[in-house]
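Notes follow once the structure below has been shown.
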Amino acid sequence: MKFEYLLFNLIVIAGPAVSEFNRQIKQISQWRLKLLANGIVMIPYVIWDALVTDSHWWFNKAYTLDFRLLGLPIEEWLFFITVPFGCLLVWETLPDTKRVGKPNPYVNFLLRTILYTALPIGLWIFSTGRQYTGLVLCCFGIVGGVDRVLRTDLLLQPKTYIYLAIVSGLILVFNGYLTARPVVLYGEAYQSGYRIFTIPVEDFGYGFTLMLFNAVCYEKLRVIRYAK
């Protein structure tokens, strides 16, 4: 079906839309801030997507509408809103662990070191031709830097790792569908070649960084709003 990817987006956003009628969730939901965070993070990811479409991956025309913007199906643009928006709703409903003691300085140092070394390692892997693998590693380094610069410190919170565990399950469902149909096809030369079921392992890193960037941006926007 030509509208199948569009239907996928509608199904994904249906859950968050229905949840707005739940009184408890409605009280904590900041949907305007979520959409703003989605829009900000969407910009670099759309640029990335547009630059590598038809090489790192491409879209099956049997499942996408013919209308395209910057070479991307309109459904792909919607993906950067529907999926992160839904994941931010999950983030909101998790218990806040920010005030549960001070971060262990050794754990802090180890996490930062791993993330910062991901950037040069990613650049090296990119130079070998495994460009998708390299870019994902670079994104981990960048998200670590952004989290530090904005002082959101999400990477030091247990909540973040609970969130990523949930995101892993969502990636298995969402990307599992997109790669099994397949709505999205991949250029094997640009990735490591390892898959979990039908999903390239790089897709997990892509999803983690996308959702982390959205959470970091959302939390910073909340701080700015309530500081006024």
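What the sequence shown shows, in this note's numbering, is residues 585 to 812, in sequence order. Glycine included, C-beta positions come from ideal geometry on N, C-alpha and C.
8 Å contact criterion, which residue i and residue j should meet: CB distance rounded
i, j, result
"L531", "E659", "There is simply no residue 531 to check, as the chain begins at 585 and stops at 812 in what is shown."
"L649", "P600", "Wrong, their Cβ atoms sit about 23 Å apart, outside the cutoff."
"N622", "P766", "Contact flag wrong, Cβ pair sits at about 25 Å."
"W641", "G777", "14 Å between Cβ atoms; not a contact."
"W675", "V630", "Not really, about 22 Å apart at Cβ, beyond 8 Å."
"Y802", "L617", "6 Å"
"Y774", "Y716", "4 Å"
Exposure label - residue i; buried when at least 16 CB within 10 Å
i, result
"L594", "exposed"
"V733", "exposed"
"I709", "buried"
"P784", "buried"
"R735", "exposed"
"Y810", "exposed"
"K586", "exposed"
"V536", "This structure cannot settle anything about residue 536, because the visible part of the chain is limited to 585 through 812."
"V807", "exposed"
"D680", "exposed"
DSSP bridge partner residues for residue i (one or two, in chain order)
i, result
"L656", "L653"
"T637", "W641"
Ranges of the beta strand (DSSP E) found wholly within the stretch 732 to 802, counting only runs of at least 3 | Within the stretch 732 to 802, the runs of beta strand (DSSP E) at least 3 residues long that lie entirely inside it are, in chain order, 768 to 770.
Determine contact between the stretch 739 to 753 and the stretch 782 to 797, defined as no fewer than three beta-carbon pairs at a distance below 8 Å.
-> Segments in contact, yes.
contact_flag[the stretch 793 to 806, the stretch 723 to 732] where n(CB pairs < 8 Å) is 3 or more | Under the three-pair Cβ rule at 8 Å, the stretch 793 to 806 counts as touching the stretch 723 to 732.
Any 3 or more C-beta pairs closer than 8 Å across the stretch 738 to 749 and the stretch 703 to 722 = Of all C-beta pairs linking the stretch 738 to 749 to the stretch 703 to 722, fewer than three are shorter than 8 Å, placing the two stretches out of contact.
Does the stretch 629 to 637 come close enough to the stretch 695 to 705 that 3 or more CB-CB pairs lie under 8 Å?
-> Counting Cβ pairs under 8 Å, fewer than three are found: no touch.
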